[in-house]
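Student: The numbering of the sequence shown is UniProt numbering, which starts it at 1 and goes up by one. Once you've had a glance at the structure underneath, I'll fire off some questions.
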Amino acid sequence: MLWKNLKSLSVVAQKGGTGKTTLAVNLAVLAALDGLRVALIDCDPQRSAAGWWQIRKEEWPALIEQPAGQLPSVMETLRAEGFNLAIVDTRPSVEAETLEAVQNSTVAIIPTRPTSMDISAVALTAQLVRSAQKPGCIVLNQCPPSIKQGEAPLTAETRTIANTLGLPVAPPALVNRIAYPYASNGGMAVREYEPGKAADQEMTALWSHIKKGYLSNG
């Protein structure tokens with residue numbers, strides 16, 4: 001699966017603590033394992049993605065540390081060098097830098113935890129994505145475990161609210177699992193830390209949804 005043109009995916013959120021960087025690095029690894037040339041672009045001044053990469057044993061995905069204002073030139077360089085996908089980890093805000101990242105993206109991914117404060121912040125981020133006239137997708141993250149009947153009530157309630165914000169909500173919800181911090185502490189994705197286990201299955205389902213729904217054309 002190699003795309004003719006460079007695609008880009010920005011992970012954006014107004015609030016910190018939504019699991020934005022964890023989502024970015026895990027999607028980057030899954031894309032690389034699909035055979036894509038992937039660049040992980042860390043635009044967050046906290047440089048969490050860069051810290052993860054520095055303890056990583058593998059050299060892929062490639063890492064670039066740049067402010068969002070330089071994304072157009074970075075994207076041109078990646079195109080010239082034959083990269084297939086750029087995944088942008090942004091700073092938590094809805095300011096000009098985040099808008100710049102969204103405008104330079106094929107799709108914007110908005111993670112949210114299942115809390116009223118988080119979902120209120122998502123409304124502003126979704127509005128920013130819509131104003132940029134770019135595709136966007138809300139991802140329910142750090143959710144409680146499912147029950148026999150399906151999603152946990154809190155997850156289902158959050159999904160119902162998120163569905164009113166004018167952007168699609170990804171069908172797979174990501175459960176708050178201990179595999180994520182353990183994987184991150186080793187510079188890994190959950191696919192590498194616990195392949196085939198629950199966290200890997202959920203993240204793989206999300207990557208498949210994003211890939212097929214937003215990145216496959218061209």
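Just so it is clear, CB atoms sit at the ideal spot from N, CA and C, and this is done for glycine as well. Please read all numbers here as calculations on a predicted model, not as lab measurements.
Straight-line CA distance for Asp89 to Gly19?
Tutor: CA-CA distance, Asp89 to Gly19, rounds to 11 Å.
Student: Roughly how many whole angstroms lie between the Cα atoms of Gln103 and Trp207?
Tutor: 21 Å
Student: From Ala183, Thr98, Val122, pick the residue whose C-alpha is nearest to that of Asp42; which is it?
Tutor: Thr98
Student: Short of 6 Å in beta carbon distance, which residues of its chain neighbour Tyr214, apart from the five on each side in sequence? Order them along the chain.
Tutor: Val107, Pro135
Student: Could you check whether Arg37 and Asn84 sit closer than 8 Å to each other, using their CB atoms as the reference points?
Tutor: Going by C-beta atoms, Asn84 is nearer than 8 Å to Arg37.
Student: Is the Cβ of Leu85 closer than 8 Å to any Cβ of chain B?
Tutor: Chain labels in this structure do not include chain B; a single protein chain is all it has.
Student: Tell me the DSSP secondary structure of Lys7 in three-state form.
Tutor: strand
Student: So Asp42 is in the alpha helix (DSSP H); what residue range does that whole segment cover?
Tutor: Per DSSP, Asp42 belongs to no alpha helix (DSSP H); it is in the beta strand (DSSP E), 38-42.
Student: Which of helix, strand or coil does DSSP assign to Asp34?
Tutor: In the structure shown, Asp34 sits in coil (DSSP, three-state: anything other than H, G, I, E or B).
Student: Using 10 angstroms around the beta-carbon of Ile55, count the other beta-carbons present and answer buried if the total reaches 16, otherwise exposed.
Tutor: exposed
Student: Mapping DSSP to helix, strand and coil, what is Pro111?
Tutor: strand
Student: Helix, strand or coil for Gly150? Go by DSSP, reduced to three states.
Tutor: strand
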